[in-house]
Amino acid sequence: MATLLHRLGKTAYRRWPFFIAAWLVAFVAVGIFAGTMSKPMTDAFSIPGIPSEKAADLQAELFPGAVDAFDQASVKVVVAAPEGSTLADPEYAGQVQDLISDLEALPQMPDTPLVDPVTAAADQQQAIVDAATQAGGDVAAARENAQALSPLSEDGRVGTITWDFDVETVADVEPETITDLGKAMDAASENGLVVEANGSGSAGMMEISGTSELIGIAVALLVLVLTFGSLMAAGLPIVTALLGVGLGITGITASTAFFDIGSTTPMLATMIGLAVGIDYTLFILARYRTELHHTDDREEAVGVAVGTAGSAVVFAGLTVLIALSALALVRIPFLTSMGLAAGATVLIAVLVALTLLPAVLGLLKKRAFAGTVRRYQPERDTDGLVKNNGVRWARLVGRRPITAVLLTVVALGALALPLSSLHLAFPTDSTASPETTQRKASDLIAESFGPGRDAPMIGVIDGRDLPDEETRMTAYADVVAWAAGQDDVQNAQLIGTNEDGTGARVMITPDTGPEDTATEDLLTALRDGQDEIEAATGTTIGITGLTAITTDVSERLSGALPIYLAVVIGLAFILLMIVFRSILIPLTATLGFLLTVLATLGATVAVFQEGAFGIMEGQPIVSFMPIFLIGLVFGLAMDYQVFLVTRMREAHVHGMSTREAVVDGFRNSARVVTAAAAIMIAVFSAFILIDEPIIRSIGFALAVAVFFDAFIVRMTLIPALMYLMGEKAWWLPAWLDRILPDVDVEGEKLDRPYLRTYADGALDGQQSETESVQV
1 MATLLHRLGK
11 TAYRRWPFFI
21 AAWLVAFVAV
31 GIFAGTMSKP
41 MTDAFSIPGI
51 PSEKAADLQA
61 ELFPGAVDAF
71 DQASVKVVVA
81 APEGSTLADP
91 EYAGQVQDLI
101 SDLEALPQMP
111 DTPLVDPVTA
121 AADQQQAIVD
131 AATQAGGDVA
141 AARENAQALS
151 PLSEDGRVGT
161 ITWDFDVETV
171 ADVEPETITD
181 LGKAMDAASE
191 NGLVVEANGS
201 GSAGMMEISG
211 TSELIGIAVA
221 LLVLVLTFGS
231 LMAAGLPIVT
241 ALLGVGLGIT
251 GITASTAFFD
261 IGSTTPMLAT
271 MIGLAVGIDY
281 TLFILARYRT
291 ELHHTDDREE
301 AVGVAVGTAG
311 SAVVFAGLTV
321 LIALSALALV
331 RIPFLTSMGL
341 AAGATVLIAV
351 LVALTLLPAV
361 LGLLKKRAFA
371 GTVRRYQPER
381 DTDGLVKNNG
391 VRWARLVGRR
401 PITAVLLTVV
411 ALGALALPLS
421 SLHLAFPTDS
431 TASPETTQRK
441 ASDLIAESFG
451 PGRDAPMIGV
461 IDGRDLPDEE
471 TRMTAYADVV
481 AWAAGQDDVQ
491 NAQLIGTNED
501 GTGARVMITP
511 DTGPEDTATE
521 DLLTALRDGQ
531 DEIEAATGTT
541 IGITGLTAIT
551 TDVSERLSGA
561 LPIYLAVVIG
571 LAFILLMIVF
581 RSILIPLTAT
591 LGFLLTVLAT
601 LGATVAVFQE
611 GAFGIMEGQP
621 IVSFMPIFLI
631 GLVFGLAMDY
641 QVFLVTRMRE
651 AHVHGMSTRE
661 AVVDGFRNSA
671 RVVTAAAAIM
681 IAVFSAFILI
691 DEPIIRSIGF
701 ALAVAVFFDA
711 FIVRMTLIPA
721 LMYLMGEKAW
731 WLPAWLDRIL
741 PDVDVEGEKL
751 DRPYLRTYAD
761 GALDGQQSET
771 ESVQV
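Position 570, counted from 1, in the sequence shown is what the UniProt record's numbering calls 570; the numbers after and before it change by one each time, with no gaps.
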């Protein structure tokens, strides 16, 4: 591989106009396609085959035209009069009517006219009570049912105006529609009314700016200036990474013409692509500078850099790609699209580092390290070898390796303790940022109507096997009574039958909100008793609705986690065996990764679920966080493992003992890996500023994961274990050595006349710290 990449790097350097033009043409072509063929992205998180999806299919069969809960672009505008007043007061009744007029004038509104909550509540209650009276039913129970559905609170102060936009899916709601909705709400809020909105149709009102990316890029630029001591060199990884991310995001947008892509996918791809794009370019550029100390032939220096550091980049990128692409194995559509899109962005980052960077170096030639900030002459030992902080740290760990192992394991284990209280759920309006209108609307509803108002479940009853209408209605009533008798149910009532009476729907309102574990327990209890009530009534029952769907998705994700973990670790273990020609090194790398993941999840639970440090109010961890985090962190963890240990193996191959090789690996790679980790932490941390729970929690988790893995695991635990294992670290059975392909990551087959063996006392790259500044 090193030989092939060596030729590729030299070709890109020599024929730089062709390679730069090819990348620009690709960017423009994909951009044109995205601009003309792309479709809106979706927020759907459905999984075919889960119980709630089957119930939704049954509902569509019995009630043609019924819309799936995830596809409904529903909006609930919440209107509240000041304390001591009601919406029926003349002062506010007129304002509510004006608001309704403005809402009905919005684009994409349904044909059905909107009704103010005061009038709607009175009409609804009268209709329900009259129906109960005619049927000889319980009038008091009918009044309770009416209040459970009422758009007006019992004190008359808070009301809701609800509709579904006339679109096929949530993604079809135009931005202009959301903008006009916001203007109508602002106008109604000027004279004492509080007007907020939640629901999937209002999701576009959550805005994500580009501030986070700019902050991450600014910090990355500062770190790169400190690393290279050159403004020009510092800018190269930034520019190439931005081009790669731009192409990746444009490609994701273009792919919406063929696939459903989640609305958070581009942000996640940006986060990941920017971090790895800068890092991969950084590693090759740093090796290029090292090679320039041995040759005046810049083309050859680029070739060697791409052949050696580029090989590590390829395997690091492959590991990330495997981890992200393997998300498709769990057969969860939205997670598959997220993983493949992020993986494609990583692949582009690898190709940019291997081809575009050498081409740009060919364009710049001697100017690649122009704009020198200041020079730093590194300290050297008596043998003339660089003695930097990486060397000092490696030797410090080497003096007490057992202590280093114990401290890191205990520290990461302690950080993992909060994981025992992990609660997975999907984000809802009630867990949105407190500043958003969605959260304010949800809080008003919970205070005025009860938290269960925003967590209804729909029971779909199939009565087609029953002989007549009387039998069916009796069965429907029995199902309602069964549902109402469950613990933590505020109300259960029949909300309609289909045209021929063979199907019915039951609205089940829990006592608790959508993010509460008691609501999940209620769904489990209903499902557990489902067979018994079906047998007793002769019906078939399914439970759906947004709450049921998100709960089922969370359970499916949890069930898929062990399979995913086994596949990713298995494939990556094989890949690392090929790279390092060892069994123990991949094993310790994997164990270190598990410690990183456990500590990261524990820290995330402490901060986001338990509210530590006040960064977030306590809320559940988004359901796909663990599986996505495992995939991405595994890939990033192996990045640092590959970059550090390949330099150790390179030293060992050329004659050094394991102990000397560890020190030399840190001499040549620790500073660059530190810079790379700092850049990733900066990029990921910047996303914590976004008022989007999914992005914020993932940004935090990735930032702390990189910190834990790079500085605690890869730079402390792994070298300590290498010291303890000694020469056994490189052990590989002879039969396995024969069947594993030789990929030559170290560049042994490259013709480098200046490279003497390590045994002769000269280190490749011993001048690598010249003309740099210390981080």
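Glycine residues also receive a C-beta, built at the ideal position from the N, C-alpha and C atoms.
{"Query": "Contacts around Ile332, its chain only, beta-carbon distance under 6 angstroms, and the 5 residues preceding and following it disregarded", "Result": "Ile47"}
{"Query": "Sheet register partners of Met457 (DSSP bridge)", "Result": "Ile508"}
{"Query": "Cβ neighbours of Glu291 in the same chain (closer than 7 angstroms, five flanking residues each side left out)", "Result": "Ala301, Val304, Ala305"}
{"Query": "Inter-residue Cα distance where the pair is Arg556 and Leu546", "Result": "15 angstroms"}
{"Query": "Range covered by the beta strand (DSSP E) that runs through Lys76", "Result": "74-80"}
{"Query": "Distance, Ala370 Cα to Val28 Cα", "Result": "30 angstroms"}
{"Query": "Unbroken alpha helix (DSSP H) run spanning Ala127, endpoints", "Result": "117-134"}
{"Query": "Nearest-angstrom Cα separation, counted from Glu660 out to Gly49", "Result": "56 angstroms"}
{"Query": "Per DSSP, the bridge partner or partners of Ile621", "Result": "Leu424"}
{"Query": "Identity of the residue in Gly665, Thr336, Gly343 nearest Leu274 by Cα", "Result": "Gly343"}
{"Query": "Gly452 versus Ala566: straight-line alpha-carbon distance, rounded", "Result": "39 angstroms"}
{"Query": "Classification of Gln126 by the beta-carbon crowding that lies within 10 angstroms, buried from 16 upward", "Result": "exposed"}
{"Query": "Beta bridge counterpart(s) of Thr497 as assigned by DSSP", "Result": "Ala504"}
{"Query": "Thr544, DSSP secondary structure in three states", "Result": "strand"}
{"Query": "Backbone secondary structure at Leu591 - three-state DSSP", "Result": "helix"}
{"Query": "Check: Val158 C-beta below 7 angstroms from any heavy atom of the ligand ZN", "Result": "Among the components modelled here there is no ligand, and therefore nothing to report on the ligand ZN."}
{"Query": "Helix, strand or coil at Thr160 [DSSP, three-state]", "Result": "strand"}
{"Query": "Local Cβ density within 10 Å of Gln134, reported as buried at 16 or more and exposed below that", "Result": "exposed"}
{"Query": "Neighbourhood of Ile32 by C-beta, 7 angstroms cutoff - its chain only, sequence neighbours within 5 removed", "Result": "none"}
{"Query": "Cutoff 8 angstroms; reference Lys365; Cβ partners in own chain excluding five residues on either side", "Result": "Arg298"}
{"Query": "First and last residue of the uninterrupted beta strand (DSSP E) at Asn198", "Result": "194-198"}
{"Query": "Contact check, Thr604 vs Phe711, beta carbons under 8 angstroms", "Result": "no"}
{"Query": "Simplified DSSP state of Asp478, which is helix, strand or coil", "Result": "helix"}
{"Query": "Identity of the residue in Asp478, Thr437, Ala81 nearest Gly182 by Cα", "Result": "Thr437"}
{"Query": "Ser421 burial status per 10 Å Cβ neighbour count (16 or more: buried)", "Result": "exposed"}
{"Query": "Environment of Phe259 [buried if 16+ CB atoms lie within 10 Å]", "Result": "exposed"}
{"Query": "Inter-residue spacing [alpha-carbon to alpha-carbon] between Gly611 and Gly602", "Result": "12 angstroms"}
{"Query": "Pairwise C-alpha distance: Val276 and Leu242", "Result": "11 angstroms"}
{"Query": "Residue range of the unbroken alpha helix (DSSP H) whose run includes Phe707", "Result": "693-707"}
{"Query": "Rounded straight-line distance, which links the Cα of Asn491 to that of Arg464", "Result": "26 angstroms"}
{"Query": "Pair within 8 angstroms by beta-carbon distance, Ala12 and Met232", "Result": "no"}
{"Query": "Distance, Thr162 Cα to Pro107 Cα", "Result": "15 angstroms"}
{"Query": "Contact under 8 angstroms by Cβ, Ser669 with Leu636", "Result": "no"}
{"Query": "Pro64 versus Gly542 - alpha carbon distance", "Result": "16 angstroms"}
{"Query": "Segment limits, alpha helix (DSSP H) that includes Leu247", "Result": "231-255"}
{"Query": "Three or more C-beta pairs below 8 angstroms linking the stretch 622-640 and the stretch 422-430", "Result": "yes"}
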